[in-house]
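Protein chains in written order, with this note's numbering: chain A, 1 to 252; chain X, 253 to 504. Don't be surprised by glycine CBs; every beta carbon is placed ideally from N, CA and C.
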DNA sequence: TTGTGGATGTCGCCG
DNA sequence: CGGCGACGTCCACAA
C-alpha cells in the first residue's frame, strides 16, 4: 500500500470514475497513481521507461515507450508497441507501490511466493489514468474440448458404431482419462480429445493412459486408445501407428 | 501499417505524441480512435462494452467495464479488472477499424487466416487515448532452458562425470533432441532439459526421443535417456522408472 | 504455411 | 498449497 492516508474517514468526495493526466510532472503522476492504487482503481501509465524483473527468471529491459497496467487484483503488465504478450508482467495477487526515484516515477510490484519483483522506472510520463471499473459478466465460450466431449457423449457413434462411454475423467495411475468406455466387442476404450489439430504430445498422453489402464486392469486386458481431434500431424500419425493407437477425426 | 497515405508529402503537423479524451461523446471518441489507427498509434479505450468473438472458437461477453488496447502491429486486447490474460483478444497482424453503430462506439478487429473477428461495442466511453510509442530495446532474459543447456555444455560433468555432449538439437525421427552425447562408457545419451520442475509430459518427450534414436541407430544400440530439471513430480519419477530413464537435478 | 516445443506461460480443477 | 492438463494459448524457429 502507499504510505499515505491511514485514516481517510472523512467521506471521500464521490470522485470521478475516471481521472487522467497528460504529460504530468512526476510528482503529479505519483500522486494520481498512488491514489488509484489506494482506491482499487485500474491504473495505466504510458511513457518512456526501463524495466527489471527478478523471480522465476530475471530480465532487463532498456529504455523505450511502453504501456503499464496495474489491475486492482494485483496484476501488472508492461506492453510494448508489439505483440500479444506483455514484455514483462506480474501475476494477480501481487502488491503494487509507486514512488519517486531519482526524479523518476517508479512502480514496483512484488509477490510471494515465489518471490518475484517487477520494477518499472519511468523517465518520462505521457499519460496516467485511474479508472474505477467493474465487470460482472462471465465469458460464454463455445468450441472448447469440453464441447467436443459433450458432442461425443451425446452421440457416441461419432467415434464409432457401438462405442459406449462409461465415464469421463476416469482416474488411472497416469492421470484422468478424458473419456473411458467400451467398444461393440466389449473391449476397453480410452479417448483422448483435442479441440484442434493434434501433435506428438497428444499421442504420448494417450499412450500414457493406455499403458496405465492396461496395467491397472488385467495383464491380458486389451485396451484400445483413440485420439479424437479435427486432424493430426504426420508425426502424430506415425507415433499412433507405432503404438498401435487409433485416430478419429472430429471437431468441436 | 495502415493501408492508406501513399503520398503524404505534405509535412504532417508535428502532432502530439499523446492525445486523450475523457468521457467523450461517441463521435469524438470515434474520430480520435480512427486517427490513432490511421497514424499507427497505440490506441486505448476504456468504458462499458460488450464483446463478441468468432474464429477458432466463439464467445459472447455481456456488458461490463473494460480496457481495450489496439497496437500498431494489429494486436487487440480486451482486459477486465482481473487476470493476467485478456478476456478477449486478436493476435498481431489483425486489422482494426472503428465505427459508430446504434450510437455506440464499435471497434472491430479481423484477421485471416484463420478467419477471426472480434467486435467490441462501447455503450459508454470513459476514456480514449492515442499514443505514438516506439520501443527499440530488446528484453535480456536469463534463467531459460537455453541457459540450462549452456551451463551443461560449459561443464558436462554437471550431468555426470565423463559425459560428453556431441550435438544440440540433434534430429531424430521423433524430433530434435535437446542435447545428444555419450557417457564415459561410450553409450549414447539423450538429455531432455526443463527449466522448472518436470512433469509426465517431459518424461514422455524424453521417451519418444530415446525410442526414435534406438531405432535410428542399431537395433542393439543402448540409448540412455536423462531428464535434467530442477526437480520432478512423483508421477514423473514413476514414469522414468517404468521406462528405464534417469533423472539429474539441475537448475538454470 | 505448417510443424514442433518452450514459456517468468496463465488458468481452473481437484486432491 | 502442488499436480495436472487445457488454452481461441502465444511465440520463435526450422523445414
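Short Cβ contact (7 Å threshold) for residue i with residue j
i	j	result
residue 246/X	residue 480/X	Since the first residue shown for chain X is 253 and the last is 504, residue 246/X is missing from the structure and cannot be characterised.
residue 131/A	residue 206/A	no
residue 379/X	residue 270/X	no
residue 109/A	residue 94/A	yes
residue 473/X	residue 464/X	no
residue 120/A	residue 133/A	no
residue 64/A	residue 387/X	yes
Short CB-CB distance (under 7 Å) between residue i and chain A
i	result
residue 379/X	yes
residue 323/X	yes
residue 456/X	yes
residue 371/X	no
residue 327/X	yes
residue 466/X	no
residue 386/X	yes
residue 401/X	no
residue 279/X	no
Same chain, Cβ closer than 7 Å to residue i, neighbours up to 5 away in sequence not counted
i	result
residue 405/X	417
residue 35/A	130
residue 61/A	50, 51, 87 and 88
residue 20/A	127, 128 and 129
Cα-Cα separation between residue i and residue j, rounded to whole angstroms
i	j	result
residue 237/A	residue 247/A	8 Å
residue 29/A	residue 390/X	26 Å
residue 216/A	residue 173/A	8 Å
residue 197/A	residue 37/A	43 Å
residue 253/X	residue 355/X	In this prediction, residue 253/X has a pLDDT of 38, which is less than 50 and means its spatial position is unreliable; what the coordinates show is noted afterwards. Roughly 28 Å separates the two Cα atoms.
residue 255/A	residue 494/X	No information on residue 255/A is available, as it lies outside the stretch 1 to 252 that chain A covers here.
residue 502/X	residue 111/A	25 Å
residue 255/X	residue 318/X	Its pLDDT being 40, under 50, residue 255/X is placed unreliably in this model, and the value from its coordinates should be taken loosely. About 28 Å.
residue 176/A	residue 58/A	35 Å
residue 179/A	residue 32/A	53 Å
residue 75/A	residue 40/A	12 Å
residue 397/X	residue 421/X	13 Å
residue 350/X	residue 304/X	15 Å
residue 402/X	residue 344/X	32 Å
residue 456/X	residue 96/A	40 Å
residue 407/X	residue 163/A	54 Å
residue 452/X	residue 497/X	12 Å
residue 182/A	residue 423/X	38 Å
residue 140/A	residue 300/X	18 Å
residue 460/X	residue 208/A	12 Å
residue 223/A	residue 234/A	23 Å
residue 470/X	residue 167/A	43 Å
residue 438/X	residue 186/A	49 Å
Residue-level contact to chain X via CB, residue i, 7 Å cutoff
i	result
residue 37/A	no
residue 247/A	no
residue 91/A	yes
residue 87/A	yes
residue 143/A	yes
residue 62/A	yes
residue 109/A	no
residue 256/A	Chain A is shown from 1 up to 252; residue 256/A falls before or after that span and cannot be answered.
residue 236/A	no
residue 221/A	no
residue 241/A	no
Sequence-distant residues of its chain with Cβ nearer than 8 Å to residue i (five each side left out)
i	result
residue 454/X	444, 446, 479, 481, 484 and 488
residue 54/A	116 and 117
residue 26/A	100, 103, 104, 105, 122 and 125
residue 274/X	378 and 379
Cβ neighbours of residue i in the same chain (closer than 6 Å, five flanking residues each side left out)
i	result
residue 257/X	Residue confidence for residue 257/X is low, a pLDDT of 40 falling below 50, so the modelled location carries little weight and cannot support an answer.
residue 253/A	Chain A is shown from 1 up to 252; residue 253/A falls before or after that span and cannot be answered.
residue 324/X	292
residue 11/A	Here residue 11/A scores only 42 on pLDDT, less than 50, and its place in the model should not be relied on; the value that follows carries that caveat. Nothing listed; no residue qualifies.
residue 399/X	504
residue 225/A	190, 206, 210 and 245
residue 7/A	Residue confidence is low: residue 7/A scores 37 on pLDDT, short of 50, so the model does not pin down where it sits. Its coordinate-derived value is still stated next. Around residue 7/A: no qualifying Cβ.
residue 413/X	none
residue 296/X	321 and 381
Status (buried if at least 16 other CB within 10 Å, exposed otherwise) for residue i
i	result
residue 188/A	buried
residue 276/X	buried
residue 365/X	exposed
residue 492/X	buried
residue 394/X	exposed
residue 308/X	exposed
residue 16/A	exposed
residue 9/A	In this prediction, residue 9/A has a pLDDT of 38, which is less than 50 and means its spatial position is unreliable; nothing more can be read from the coordinates.
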